[in-house]
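So the protein lines, in turn, are chains A and B.
The first sequence maps to residues 298 to 792 in the working numbering.
The second sequence maps to residues 30 to 280 in the working numbering.
Quick reminder that beta carbons are idealized off the backbone N, C-alpha and C, glycines included.
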Amino acid sequence: MSGATGTYLGMPPFPRAAKDAVRDATLRANLRHATHTIRDKRAAAVAELPDWPELRAAGAAIKDRTLRHLDHYLVQLEERVTAAGGVVHWAADAAEANRIVTALVKETGEREVIKVKSMATQEIGLNEALAKAGIRANETDLAELIVQLGDDLPSHILVPAIHRNRGEIRDIFARNMARWGRAAPETLTDAPAELAEAARLHLREKFLRAKVGISGANFMVAETGTLVVVESEGNGRMCLTLPETLISVVGIEKVVPSWQDLEVFLQTLPRSSTAERMNPYTSMWTGTTDGDGPRVFHLVLLDNGRTDTLADEVGRQALRCIRCSACLNVCPVYERAGGHAYGSAYPGPIGAILTPQLRGTAGELDASLPYASSLCGACYEVCPVAIDIPEVLVHLRERVVQGGPVTVRGTRTRIRPAKGHAAERAALRAATWALDRPGAMRAGQRLAGRSRRLLPRRSLPGPGRAWTASRDLPAVPAEPFRDWWQRRTRGEDGR
Amino acid sequence: MRVALFLTCVNDTLYPATGRAVVTLLERLGVEVDFPVEQSCCGQPQFNTGYRHASEPLVRRYARAFEGYDHIVVPSGSCAAMVRDNYPRIGRKAAAEGRGGELAGLAESVVPRTVELTEFLVDVLGVTDVGAYYPHRVTYHPTCHGLRMLGLGERPRRLLEAVRGLELVELPGAQECCGFGGTFAVKNAAVSAAMGADKARAVMATGASAVCTVDNSCQMHIGGTLSRLGSTVRPVHIAEILASTEEVPFR
Ligand code: SF4
């Protein structure tokens, strides 16, 4: 096993993957239980704050202002990190970031690293890249550990093993822990305390041995060059303080101008993600400090499609995301399809708008993501930085079926409509044609009315089968409303 | 006060009873309502599927059909939300594409005049007791666009609570989407069906004889699923309940 060896590459488009997930009764039960529990807790934690709408608006405003002047704040950040003893690297894409990190680890001569849970390193597939170079990356977040030991893929931003239940976790620990360090006790049951203890003992060895730590960051404060990691277990803090070398890979949109801005996010993030009033472990560091923590600190600033996303006026709001995962927990589609169907490190509603922007819409899976939503708007309602996810979804649907202007590696171009939508395009254009001609619309209504007894209600042919597979059709009425209306009006007029 | 009914293409074609109910109800409340026959569809299916340009002729048609009316009453949360939320977006994008301010201007003229039926009753007419009688056990499902885009809040409930004979029963998980979602229902049929089945079972568990919404397109999905599951619970649009009186039960 080479870390999270799984890869999202080559996955089928969303509807196909989701269809399989929907049939998996265990998965659905696990997800339903987990998402509903955290959903309700979040609602209660948020309801405690009378100024939640203001905090939400402030979070959005801070992010928007920062993104507008991103160049300025990033340069300021680089100056401050450098002044504090850190080394800053700029990575245009995943491959470059992986090259930089791999080279840095190799320089230390180490063959293994410990990792703080990080979305950016998932996004770029860092563990796989390190494995190719013969370096083992050990995940230390409990849920990431479960995923890694199970040779599995994360399916949630915050709780990567949300698709697993206690029994499954016990089996994974019992089977695989020994291969990578201290084995699980023979007597291990699925009691949460026993599972946590087994993980603690297994991880402790890795913490004490490691010379190199790798992290992401939730925030980077430009005014002082300080990085912030927000976590609940304390395992992250171990990785941030024990090793001699610390390498942090962080998306460029994670910068905030000042410490004062953290005041907002350190209220909204914990309540939105884990429903905690205050985050349990908030680690902050500025460069290096003699005699305290890592002696070498590298910051790898990751673009990987973010600047291109920023160029899009509607889509750029996705860059406000603070990865709280509230939108996943409340999403009825995520709840049934599970995280893997989204085919990237970012599942759920945020993944459906972020992945097609970071990776583009050329791939079949990526082009299917903007459609992985009923547009119910529950995600927008809970998002602590007010990302109008439905608006971006529709905007990206348009990009998929109509094509249009996009920015690719800094260059403005026009993309052509994705393949496979010709029939749909023709149908919707024909619908507009008919709907824009009430005479034609009425002829259609009357035809349906006359032949209504011939229309099947349970088994439509062709594309209609997708409807009638689970739903009956309504009975077609004898006459449309407009016929009734005109008869009535004429009658009253005495004509 | 000139009031027009924008019935929506789905109601016109498949649910004319809802249209008749709105007319009956409004006339009973002393409102003279017109149905401009030039109307057709708000363009939501095109827009939400990504064919924004194909929805533009329908924006123009809507603006033309309802010119001169003070209120455009829509018995559909999602079509009202299409006009109010998305027409301005269509206008902005057209302007950004260098096609001038025509669509933005049309959006600006229709948005403030477009109201969903329960908003019209509660906010414009200022009534919650419309004098209806409907002796049935009813559960209410707040459809997503009415709930979140329009912010209908308690309006539909207040109207239903004032209906004589009606027993309103709580729907568990009421705010969860039923899974319709327009073309989502066929593009992601498996997930849509799973959501629909969960909603239908929640409805059946209430013991209600009817499920009420402000949106017949969602009803088509909920009702179609209920009927497939062998349930006798009837999908009913809120207008049909509010139109019903002791003297003239609706239908
Ligand atoms: S999009 Fe909003 S709700 Fe979803 S993870 Fe990001 S910040 Fe949280």
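Measuring straight from C-alpha to C-alpha, what distance separates residue i and residue j?
i: A:Met-474; j: A:Gly-406; result: 25 Å
i: A:Ala-358; j: A:Glu-502; result: 44 Å
i: B:Leu-197; j: B:His-266; result: 14 Å
i: A:Leu-596; j: B:Tyr-116; result: 45 Å
i: A:Asp-321; j: B:Ser-221; result: 15 Å
i: A:Gly-660; j: A:Ala-426; result: 22 Å
i: A:Lys-316; j: A:Ile-469; result: 26 Å
i: A:Val-410; j: A:Lys-508; result: 7 Å
i: B:Asp-99; j: B:Met-30; result: 6 Å
i: A:Asn-424; j: A:Thr-418; result: 8 Å
i: A:Lys-414; j: A:Thr-521; result: 24 Å
i: B:Ala-234; j: B:Thr-168; result: 10 Å
i: A:Gly-303; j: A:Arg-463; result: Note that A:Gly-303 scores 44 on pLDDT, short of 50, meaning its location in the model is unreliable and no value can be drawn from it.
i: B:Ser-69; j: A:Cys-621; result: 42 Å
i: A:Pro-774; j: A:Arg-467; result: 58 Å
i: A:Asp-487; j: A:Glu-494; result: 11 Å
i: A:Tyr-639; j: A:Met-416; result: 15 Å
i: B:Thr-212; j: B:Gly-253; result: 16 Å
i: B:Arg-62; j: B:Gly-180; result: It is Val, not Arg, that sits at residue 62 of chain B in the sequence shown. One C-alpha to the other measures close to 25 Å.
i: A:Gly-674; j: B:Pro-141; result: 22 Å
i: A:Arg-325; j: B:Glu-205; result: 16 Å
i: A:Leu-543; j: A:Lys-551; result: 18 Å
i: A:Pro-714; j: A:Leu-693; result: 11 Å
i: B:Gly-182; j: A:Cys-628; result: 20 Å
i: A:Cys-555; j: A:Thr-604; result: Reading the sequence as shown, one finds Ser at residue 555 of chain A and not Cys. Between A:Ser-555 and A:Thr-604, the C-alpha separation is close to 22 Å.
i: B:Thr-274; j: B:Ala-46; result: 15 Å
i: B:Gly-48; j: B:Cys-71; result: 16 Å
i: B:Leu-25; j: A:Val-526; result: In the structure as shown, chain B begins at 30 and stops at 280. Residue 25 of chain B is therefore absent and cannot be evaluated.
i: A:Pro-581; j: A:Ala-514; result: Sequence check: residue 581 of chain A is Met here, not Pro. Whole-angstrom Cα-Cα distance: 9 Å.
i: A:Pro-758; j: B:Ala-50; result: 33 Å
i: A:Leu-439; j: B:Ala-219; result: 32 Å
i: A:Pro-451; j: B:Val-32; result: 54 Å
i: A:Arg-506; j: A:Glu-393; result: 28 Å
Could you say which of the options lies nearest to residue i if we only look at CA atoms?
i: B:Pro-86; options: B:Phe-213, B:Gly-155 and B:Ala-136; result: B:Ala-136
i: A:Leu-721; options: B:Phe-76, B:Gly-252 and B:Val-153; result: Reading off the sequence shown, one finds Glu at residue 721 of chain A, where the question assumed Leu. The residue with the shortest Cα to Cα distance from A:Glu-721 is B:Phe-76.
i: B:Glu-67; options: B:Phe-95, B:Ala-50 and B:Arg-81; result: B:Phe-95
i: B:His-165; options: B:Val-262, B:Gly-225 and B:Thr-143; result: B:Val-262
i: B:Pro-25; options: B:Gly-194, B:His-174, B:Phe-213 and B:Ala-231; result: The requested residue 25 of chain B is not part of the displayed model; chain B covers only 30 to 280.
i: A:Arg-633; options: A:Val-561, A:Ser-670 and A:Arg-506; result: A:Ser-670
i: A:Arg-734; options: B:Tyr-91, B:Arg-193, B:Cys-108 and B:Glu-126; result: B:Tyr-91
i: A:Pro-309; options: A:Leu-666, A:Gln-742 and A:Gln-373; result: A:Leu-666
i: A:Pro-591; options: A:Ala-381, A:Val-343 and A:Gly-307; result: A:Ala-381
i: A:Lys-360; options: A:Lys-429, A:Lys-716 and A:Val-518; result: A:Val-518
i: A:Arg-480; options: A:Leu-500, A:Ala-490, A:Ala-615 and A:Pro-489; result: It should be noted that the sequence gives Ala, not Arg, for residue 480 of chain A. Of the candidates A:Leu-500, A:Ala-490, A:Ala-615 and A:Pro-489, the one whose C-alpha sits nearest the C-alpha of A:Ala-480 is A:Leu-500.
i: B:Ile-270; options: B:Leu-255, B:Glu-145, B:Ala-214 and B:Leu-195; result: B:Leu-195
i: A:Gly-588; options: A:Leu-539, A:Pro-567, A:Ala-496 and A:Arg-617; result: A:Leu-539
i: A:Val-573; options: A:Leu-306, A:Ala-341 and A:Arg-313; result: Correcting the residue identity first, residue 573 of chain A is Glu in this sequence and not Val. Ranking A:Leu-306, A:Ala-341 and A:Arg-313 by Cα distance to A:Glu-573 puts A:Ala-341 first.
i: B:Leu-146; options: B:Lys-228, B:Leu-54 and B:Ala-223; result: B:Leu-54
i: A:Leu-306; options: A:Arg-656, A:Val-456, A:Asp-769 and A:Arg-706; result: A:Arg-656
i: B:Val-159; options: B:Lys-216, B:Lys-122, B:Arg-257 and B:Glu-190; result: B:Glu-190
i: A:Thr-437; options: A:Leu-725, A:Gly-510, A:Ala-724 and A:Phe-311; result: A:Gly-510
i: A:Gly-761; options: B:Pro-278, B:Lys-216 and B:Phe-279; result: B:Lys-216
i: A:Pro-350; options: A:Glu-528, A:Ser-569 and A:Gly-478; result: A:Ser-569
i: A:His-718; options: A:Leu-492, A:Glu-695 and A:Ile-335; result: A:Glu-695
What are the partner residues of residue i, as DSSP defines its beta bridges?
i: B:Asn-245; result: Note: B:Asn-245 sits in no beta bridge, so no partner.
i: A:Ser-545; result: A:Ser-512 and A:Leu-596
i: A:Phe-581; result: According to the sequence displayed, residue 581 of chain A carries Met and not Phe. Per DSSP, A:Val-525.
i: A:Lys-716; result: None; A:Lys-716 has no bridge partner.
i: B:Val-167; result: B:Leu-197 and B:Ala-239
i: A:Pro-702; result: A:Arg-711
i: A:Ala-388; result: A:Leu-599
Exercise for review: With 9 Å as the limit, tell me which residues of the stretch 52-80 of chain B have their beta carbon closer than that to any beta carbon of chain A; keep them in chain order.
Suggested key: Val-52, Phe-64, Val-66, Glu-67, Gln-68, Ser-69, Cys-70, Gly-72, Pro-74, Gln-75, Phe-76, Asn-77, Thr-78, Gly-79 and Tyr-80
Quiz item: In the stretch 757-772 of chain A, which residues sit with their C-beta less than 7 Å from some C-beta in chain B, listed in chain order?
Solution: Pro-760, Ala-763, Trp-764, Ala-766, Ser-767, Arg-768, Asp-769, Leu-770 and Pro-771
*asked:* Assess contact between the stretch 103-113 of chain B and the stretch 234-246 of chain B, defined as three or more Cβ pairs (one per stretch) separated by less than 8 Å. Is contact present?
replied: yes
(Q) Pairs of beta-carbons, one from the stretch 320-336 of chain A and one from the stretch 629-645 of chain A, closer than 8 Å: are there three or more? (A) yes
Taking 8 Å as the cut-off, does the stretch 36-47 of chain B touch the stretch 724-742 of chain A (at least 3 CB pairs, one atom from each stretch)? yes
Counting only Cβ-Cβ distances shorter than 8 Å, please list the residues of the stretch 672-691 of chain A near chain B, keeping chain order. Leu-672, Cys-673, Gly-674, Ala-675, Tyr-677, Glu-678, Glu-688 and Val-691
| message | Taking beta-carbon pairs under 8 Å, can you tell me which members of the stretch 243-272 of chain B lie near chain A? | response | Met-249, His-250, Gly-252, Gly-253, Thr-254, Ser-256 and Arg-257
Margin query: Three Cβ pairs or more, each shorter than 8 Å: is that satisfied between the stretch 342-358 of chain A and the stretch 680-689 of chain A?
Written below: yes
- Query: Which residues, taken in chain order from the stretch 329-359 of chain A, show a beta carbon closer than 7 Å to some beta carbon of chain B?
  - Reply: none
In the stretch 195-225 of chain B, which residues sit with their C-beta less than 9 Å from some C-beta in chain A, listed in chain order?
-> Gly-202, Gln-204, Glu-205, Cys-206, Cys-207, Gly-208, Phe-209, Gly-210, Gly-211, Thr-212, Phe-213, Ala-214, Val-215, Lys-216, Asn-217, Ala-218, Ala-219, Val-220, Ser-221, Ala-222, Ala-223, Met-224 and Gly-225
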